[in-house]
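Below: the structure, in structure tokens.
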Amino acid sequence: MRSERRRRSGSRWGDGVAVVGSTFVFLRPHRATALGDYMTQKISKYGRVFTARLFGRVSIVSADAELNRHVLNNDTRLFENAWPPHVPRLMGKHSTVLSTGDAHKQKKSIILSFVSTARTQSFIRSIERQAAASSPPGKAATSSTASTRPERYVSL
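Residue 20 in full-length UniProt numbering sits at position 20 of the sequence shown, and the numbers go up by one each step.
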């Protein structure tokens with residue numbers, strides 16, 4: 001049985017080591033405008049919807065735009081959030097990421113109201129004024145000199 005499974009998958013570990021699976025290959029950096037090697041290989045082998053062991057769990061991966069739109073529009077009626085157990089502990093059980101339905105929409109609208117264009121522009125102008133005020137007279141502050149000063153921290 002074990003040797004039969006090994007022959008089918010091509011490796012002793014199948015789709016990756018039991019705990020990690022294909023996570024590292026899946027997370028390998030690639031251009032934002034490209035699918036990346038992992039997705040390209042899996043799509044050519046299995047199609048636009050396939051299963052993979054990611055983040056310690058078997059996951060369904062979809063590269064199909066229509067299916068993704070359907071899932072995102074009907075997420076609370078058809079699908080259940082299945083985050084790994086460490087995510088709620090890490091993010092907090094009331095995190096926006098873990099919320100669904102109306103609670104998620106309400107939290108998202110509150111967050112987006114703070115990131116409006118007018119507020120963002122005002123925030124950037126404030127940072128520019130602080131950078132200009134902290135630089136020596138007659139010398140412009142550059143991002144490299146301003147970012148190395150330990151007394152300036154910006155947190156969003």
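Just so it is clear, CB atoms sit at the ideal spot from N, CA and C, and this is done for glycine as well.
In DSSP terms, what residue i is bridged to
i	result
Ala82	In the DSSP output, where bridge partners are listed per residue, Ala82 has none listed.
Thr96	Bridge partners of Thr96: none, in fact.
Thr40	According to DSSP, Thr40 bridges with nothing at all.
Phe50	Val61
Cβ distance (whole Å) where residue i is taken to contact residue j below 8 Å
i	j	result
Leu67	Val49	6 Å
Whole-angstrom distance between residue j and residue i, CA atom to CA atom
i	j	result
Pro137	Arg129	13 Å
Gly14	Gln106	Note that Gly14 scores 48 on pLDDT, short of 50, meaning its location in the model is unreliable and no value can be drawn from it.
Arg89	Gly56	16 Å
His30	Gly36	5 Å
Asp102	Lys108	10 Å
Arg119	Ala131	18 Å
Ser135	Gln121	21 Å
Val87	Val61	19 Å
Cβ-Cβ distance between residue i and residue j below 8 Å
i	j	result
Ala63	Ile43	yes
Ser22	Leu54	yes
Phe26	Ala52	yes
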